[in-house]
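*Asks:*
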Amino acid sequence: GAVVSQHPSWVICKSGTSVKIECRSLDFQATTMFWYRQFPKQSLMLMATSNEGSKATYEQGVEKDKFLINHASLTLSTLTVTSAHPEDSSFYICSAPARGSTDTQYFGPGTRLTVL
Amino acid sequence: DAKTTQPPSMDCAEGRAANLPCNHSTISGNEYVYWYRQIHSQGPQYIIHGLKNNETNEMASLIITEDRKSSTLILPHATLRDTAVYYCIVRVGLAPLILSGSARQLTFGSGTQLTVLP
């Protein structure tokens, strides 16, 4: 099946720094990718939709200036957490829908962000 | 998208069948039932999907009632590695060329924590 990778798998940073997370579709092209955030013992919450060649669409309550998304190519989307704070510590997961009649989505392994 | 209701947790003995129910009484005619699972600290994994017919693949079987208001995911021989949170999601499943952008997102509920016991 289709494979989606994320890098890094985990990152620890100091408060105030920026962190970039990459999401790649390895064997298929994705004009759309999704970014989710998951806090401990909670379900995945959609943050934004990343669109190749156009601006990302953010969910209500998600600050677009804090969570910068760039869909640079048909296989790469990046999420940059700017000026990270401890409350941004979370599990960030991306997904991409593979081509097919029923739009199955494939998820990356996730990135664990810890902000000190 | 139609709302789904799942039990918060279930236990299953290793080697036995795990039957995970999902209610989706407000499902529309063009909405599919998708099942994903998430093993602890990993990204979700696609399991199976269906529209109205029962479906089977190498991972599981999906039984959808005739009125489509509920479904059951069946893991025929559960193993310890099947311990995960299982999400039932109902969503329009049109071809990617028809759906675009945020219309293709998945909305996750609370899911069912399945624990397979040795």
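Protein sequence lines correspond, in order, to chains R and H. My numbering puts the first sequence at residues 1 to 116. My numbering puts the second sequence at residues 1001 to 1118. Glycine is no exception: its CB is placed at the ideal position from the N, C-alpha and C atoms. Computed from a prediction, not measured in an experiment: that's the story for all the values here.
Could you check what DSSP says for Glu1055(H) in three-state terms: helix, strand or coil?
*Replies:* Glu1055(H) falls in the strand class under three-state DSSP.
*Asks:* Quick one, which of Tyr1036(H), Thr1005(H) and Ala1017(H) has its alpha-carbon nearest Leu1106(H)'s?
*Replies:* The residue with the shortest Cα to Cα distance from Leu1106(H) is Tyr1036(H).
*Asks:* Which term fits Ile1048(H), buried or exposed, when burial requires 16 or more other beta carbons within 10 angstroms of its beta carbon?
*Replies:* With 16 or more other Cβ atoms within 10 Å, it is buried.
*Asks:* In the DSSP assignment, find the beta strand (DSSP E) that holds Leu1073(H) and state where it starts and stops.
*Replies:* Residues Ser1070 to Leu1075.
*Asks:* Using DSSP bridges, identify the partner residues of Asn51(R).
*Replies:* Paired residues: Thr32(R).
*Asks:* Beta-carbon of Gly1015(H) versus every beta-carbon of chain R: anything under 9 Å?
*Replies:* False, the Cβ-Cβ gap to chain R never drops below 9 Å.
*Asks:* State buried or exposed for Pro1008(H), treating a residue as buried only when at least 16 other CB atoms are found within 10 Å of its CB.
*Replies:* The residue is exposed, with fewer than 16 neighbouring Cβ atoms inside 10 Å.
*Asks:* Flag Thr1083(H) as yes if its beta-carbon sits less than 9 Å from any beta-carbon of chain R, otherwise no.
*Replies:* Answer no: the Cβ-Cβ gap between Thr1083(H) and chain R never drops below 9 Å.
*Asks:* Output needed for Glu59(R): all residues of its chain with C-beta closer than 7 Å, excluding positions within five of it in sequence on either side, in chain order.
*Replies:* Cβ within range, chain order: Leu46, Met47 and Ala48.
*Asks:* Identify the contact partners of Gly108(R) in chain H, using a Cβ-Cβ distance below 7 Å as the criterion.
*Replies:* Going along chain H in sequence order, the residues near Gly108(R) (Cβ under 7 Å) are Gly1043.
*Asks:* With 9 Å as the threshold, decide whether the Cβ of Gly1109(H) is near any Cβ in chain R.
*Replies:* For Gly1109(H), the answer is yes, since a Cβ of chain R falls inside 9 Å of its Cβ.
*Asks:* Taking Ser15(R) as the reference, give the member of Leu26(R), Ser83(R) and Phe91(R) with the closest Cα.
*Replies:* Minimum Cα distance to Ser15(R) is reached at Ser83(R).
*Asks:* CB-CB under 6 Å to Glu1055(H), same chain, minus the five flanking residues each way: which ones, in chain order?
*Replies:* Taken in chain order, the residues that qualify are Ile1048 and Leu1062.
*Asks:* Gln1113(H) to Ala1084(H), Cα distance in whole Å?
*Replies:* The alpha-carbon atoms of Gln1113(H) and Ala1084(H) are separated by roughly 6 Å.
*Asks:* Given this structure, state the Cα-to-Cα distance separating Arg37(R) from Ser95(R), to the nearest angstrom.
*Replies:* Going from the Cα of Arg37(R) to the Cα of Ser95(R) covers about 11 Å.
*Asks:* DSSP three-state label for Glu87(R), please.
*Replies:* Correct three-state label for Glu87(R): helix.
*Asks:* Looking at chain H, which residues of the region 16-47 of chain R have a Cβ within less than 9 Å of any of its Cβ atoms?
*Replies:* Going along the region 16-47 of chain R in chain order, one finds Thr31, Thr32, Phe34, Tyr36, Gln38, Gln42, Ser43, Leu44, Met45 and Leu46 with a Cβ nearer than 9 Å to chain H.
*Asks:* Hey, does Ile93(R) have any beta-carbon neighbour from chain H nearer than 9 Å?
*Replies:* Yes, contact with chain H.
*Asks:* Shortest alpha-carbon distance to Thr1115(H) belongs to which of Met1059(H), Cys1088(H), His1024(H) and Asp1082(H)?
*Replies:* Nearest C-alpha to Thr1115(H): Asp1082(H).
*Asks:* Looking at the secondary structure, which residues open and close the beta strand (DSSP E) in which Val11(R) lies?
*Replies:* Segment Trp10 to Cys13, the beta strand (DSSP E) holding Val11(R).
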